[in-house]
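The opening residue of the sequence shown carries number 688 in the numbering used here; numbering runs sequentially from there.
The beta-carbon is built from N, C-alpha and C at its ideal position, and this holds for glycine as well.
Shown next, in structure tokens, is the structure this report addresses.
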Amino acid sequence: MMNIDELLNIKKECACGKTHSCDIKKVIIKNSALSELHRMVGDCSNILLVVDQNTYRVCGKNVSELIGEKIADVLIYESEGFLVPNEKSIDVLKSKVQETTDLIIGVGSGVINDLCKYVSFINNLPYFIVATAPSMDGYASTGAAMIIDNMKITYNAHVPEAIIADVDIIRDAPIDMLKSGYGDILGKYSCLNDWKLSHIVNNEYFCEYVYNLIYDMVKKTERLGHKLLQRDQDAVKTLMEALIVVGIAMSYVGNSRPASGSEHHLSHFFEVVGIMKNEPYFLHGIDVAYSTVITQKLREEILKFDISQRTFTFNKAEWEDDIRKIYANAADGVIKLQEKLGWYEQDRISIYNEYWDKIKTILMEAPSSGEMQKLLDAVDLPIKNFENMYGKEKISDAIWFAKDLKDRYSVLWLYYHCFR
688 MMNIDELLNI KKECACGKTH SCDIKKVIIK NSALSELHRM VGDCSNILLV VDQNTYRVCG
748 KNVSELIGEK IADVLIYESE GFLVPNEKSI DVLKSKVQET TDLIIGVGSG VINDLCKYVS
808 FINNLPYFIV ATAPSMDGYA STGAAMIIDN MKITYNAHVP EAIIADVDII RDAPIDMLKS
868 GYGDILGKYS CLNDWKLSHI VNNEYFCEYV YNLIYDMVKK TERLGHKLLQ RDQDAVKTLM
928 EALIVVGIAM SYVGNSRPAS GSEHHLSHFF EVVGIMKNEP YFLHGIDVAY STVITQKLRE
988 EILKFDISQR TFTFNKAEWE DDIRKIYANA ADGVIKLQEK LGWYEQDRIS IYNEYWDKIK
1048 TILMEAPSSG EMQKLLDAVD LPIKNFENMY GKEKISDAIW FAKDLKDRYS VLWLYYHCFR
């Protein structure tokens, strides 16, 4: 096991030119970790506890009993289906913060963590997260992902002061949440490849140290599949460690680039469109896992493509029609973002021609789509479930237009320029 403490509270002068740091004070991943909580909150005596109806039952009640005399208020989110981190959810939490509040403690995973991270940041308050599932990599990152005006927006906030993951609790999370964490880590094969690709195509900042830190976590995690289905204690602990290390790596860089690329853009597409049209979607990490197979298939198609004869002309009117059809109420925000970026007007083909051999070398570094599917089969995530959930048309729309939700270059742009 890695000693995560060695990655915290440091200032690492890196060959990439940045000074890497992470302000998390303590990460605890062990059995009976909750017993540490009372000591960790110290002198705080006006704590706001944030849970949802499920996490309160699983763990929140225990937290309340452990530090009861220090809790000033409890917010219990109640929702049918997935809790959505939208304007309404943010406003509810903001209304609970008082002048005397001295600490926010979230009990949950992705959405609870993002809400507590964001609201604590805008109120200049510290927060702790008590993890209830090893389901995603955002625990230790500075980014808080929100749905604002039907758009998935990641705000730069701050890290928690402490992350507490009681292995006795997280190993009993719904099995899909364990699969989700595993899938979120496997997705790094895709986003790391995208990061290298953009470094070549756009001269984007790249850090080999951070790249290797995350890659090592992926290699440790990919072997865990069958053991996670058995809720093996060591496997769950290793997965949680990997998820937190990836979050720390994001903190080092100052954004989610090392951990979020084309596979996350596809996942965000299915989530945003699902919320907007009241259509079903998978847990984030499961969507990421399936989308990693899809993005790898795109890389394999590009490797067979002859770029030398390619020309690209952008038809803005046609593109806008597609965006309005697909994104409906969110279309104005998508169009505004892409107009601000101006990427459609740039001549990428000449850059591709100049660096095509290097681009192909990078694309070949990622595992094949078949290899990725075997890793997903190990946790009972057959690709047919993904195809049955979304259908060919929605998957095709995601491949062409998920990239427009973000200001980040990935293989989705390269595929678009080659084949659209």
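Inter-residue Cα distance where the pair is I1070 and T979: Stepping through the sequence shown from its first residue, residue 1070 is reached at position 383. Stepping through the sequence shown from its first residue, residue 979 is reached at position 292. Their backbone Cα atoms lie some 11 Å apart in a straight line.
Taking Cβ to Cβ, would you say Y1077 is nearer than 9 Å to G972? As a working note, residue 1077 is residue 390 in the sequence shown. As a working note, residue 972 is residue 285 in the sequence shown. Taking 9 Å as the Cβ cut-off, Y1077 and G972 do not qualify as a contacting pair.
Would you list, in sequence order, the uninterrupted beta strand (DSSP E) runs of no fewer than 3 residues that lie entirely inside the segment 761–793? Runs found: none.
Could you check where the alpha helix (DSSP H) with D801 kicks off and where it finishes? Translated into the one-based positions of the sequence shown, residue 801 becomes position 114. Unbroken alpha helix (DSSP H) run through D801: 797–809.
Answer with buried or exposed for P772, where buried requires no fewer than 16 other C-beta atoms within 10 angstroms of its C-beta. Looking up residue 772 in the sequence shown gives position 85. Burial call: buried.
Supposed close pair M904, V932 - CB separation, criterion 8 Å: Residue mapping note: residue 904 aligns to position 217 of the sequence shown, counting from 1. Residue mapping note: residue 932 aligns to position 245 of the sequence shown, counting from 1. About 5 Å separates the two Cβ atoms, so the contact holds.
Just grab the DSSP bridge partners of Y814 for me. Position 127 of the sequence shown, counted from the start, is the residue given in the question as residue 814. Y814 is bridged to I791.
Which residues share a DSSP beta bridge with I853? Within the sequence shown, numbered from 1, the residue matching residue 853 stands at position 166. The displayed chain sequence assigns Asp, not Ile, to residue 853. Paired residue(s): K717.
Since V959 and L1092 are thought to touch, with beta carbons under 8 Å apart, how far apart are those beta carbons, to the nearest angstrom? As a position in the sequence shown, residue 959 is number 272, starting the count at 1. As a position in the sequence shown, residue 1092 is number 405, starting the count at 1. The Cβ separation is near 7 Å, so the contact holds.
Measuring alpha carbon to alpha carbon, tell me which residue in L695, N749, L879, T908 is nearest E895. As a working mapping, residue 895 is identified with position 208 in the sequence shown. Measuring from the Cα of E895, the nearest candidate turns out to be L879.
Near E950, which residues of its chain fall below 7 Å by C-beta distance, leaving aside the five closest residues on each side in sequence? What you label residue 950 is simply residue 263 of the sequence shown in a count that begins at 1. If we look at E950 and ignore the five residues flanking it on each side, its Cβ neighbours are G874, S877, C878, V975, S978, T979, T982.
Please classify E756 as buried or exposed, where buried requires at least 16 other C-beta atoms within 10 Å of its C-beta. For the purposes of this step, residue 756 is identified with residue 69 of the sequence shown, where counting begins at 1. When all chains shown are included, E756 counts as exposed.
Paired residues, beta bridge with G830 - DSSP: As a working mapping, residue 830 is identified with position 143 in the sequence shown. DSSP lists N843 as partners of G830.
Kindly provide the ranges of any alpha helix (DSSP H) runs that are 4 or more residues long and lie completely inside the segment 866–949, ordered along the chain. 875–889, 895–908, 912–916, 920–940
Taking Cβ positions, are L1109 and K866 nearer each other than 9 Å? Outside the shown range of the chain, which is 688 to 1107, sits residue 1109, and nothing can be said about it.
Just checking my contact of I809 with V737 at CB under 8 Å: how many whole Å lie between their CB atoms? If you number the sequence shown from 1, residue 809 lands on position 122. If you number the sequence shown from 1, residue 737 lands on position 50. The Cβ separation is near 15 Å, so there is no contact.
Contact belief for I851 with A720 at Cβ below 8 Å, rounded distance in angstroms: Within the sequence shown, numbered from 1, the residue matching residue 851 stands at position 164. Within the sequence shown, numbered from 1, the residue matching residue 720 stands at position 33. Contact flag correct, Cβ pair sits at about 5 Å.
Going by DSSP in three states, D1009 sits in which element: helix, strand or coil? Here residue 1009 refers to the residue found at position 322 of the sequence shown. Reduced to three states, the DSSP call for D1009 is helix.
Less than 6 Å between C-beta atoms, sequence neighbours within five positions excluded: which residues of the same chain meet that for P1054? Indexing the sequence shown from 1 puts residue 1054 at position 367. Closer than 6 Å at the Cβ level, and outside the excluded window around P1054, lie Y876.
Out of curiosity, what's the CA-to-CA distance linking K1023 and G729? Against the sequence shown, residue 1023 aligns to sequence position 336. Against the sequence shown, residue 729 aligns to sequence position 42. Roughly 47 Å separates the two Cα atoms.
Helix, strand or coil, according to DSSP, for L1171 in the structure here? The question about residue 1171 has no answer, for the chain in this structure spans 688 to 1107.
By how many angstroms is the C-alpha of T998 removed from the C-alpha of S807? As a working note, residue 807 is residue 120 in the sequence shown. As a working note, residue 998 is residue 311 in the sequence shown. So the alpha carbons of these two residues sit roughly 49 Å apart.
Any non-hydrogen atom of the ligand MG within 8 Å of F956 CB: Ligands are entirely absent from the displayed structure, and the ligand MG is therefore not among its contents.
Name the DSSP bridge partner or partners of M838? Counted from its first residue, the sequence shown places residue 838 at position 151. Answer is I835.
For the beta strand (DSSP E) holding V738, just list the boundary residues, first then last. To locate residue 738, count along the sequence shown from 1; it is residue 51. It spans 734–739 - the beta strand (DSSP E) in which V738 sits, taken as one unbroken run.
Could you tell me the distance, in whole angstroms, from the CA atom of F893 to the CA atom of P821? The count along the sequence shown starts at 1 and reaches residue 893 at position 206. The count along the sequence shown starts at 1 and reaches residue 821 at position 134. If you take the alpha carbons of F893 and P821, they lie about 28 Å apart.
Taking C-beta to C-beta, are L770 and V798 nearer than 9 Å? In the sequence shown, the residue the question calls residue 770 occupies position 83. In the sequence shown, the residue the question calls residue 798 occupies position 111. For L770 and V798, yes; Cβs fall inside 9 Å.
I989 versus I754: straight-line alpha-carbon distance, rounded: Position 302 of the sequence shown, counted from the first residue, corresponds to residue 989. Position 67 of the sequence shown, counted from the first residue, corresponds to residue 754. Per the coordinates, the alpha-carbon of I989 lies some 56 Å from the alpha-carbon of I754.
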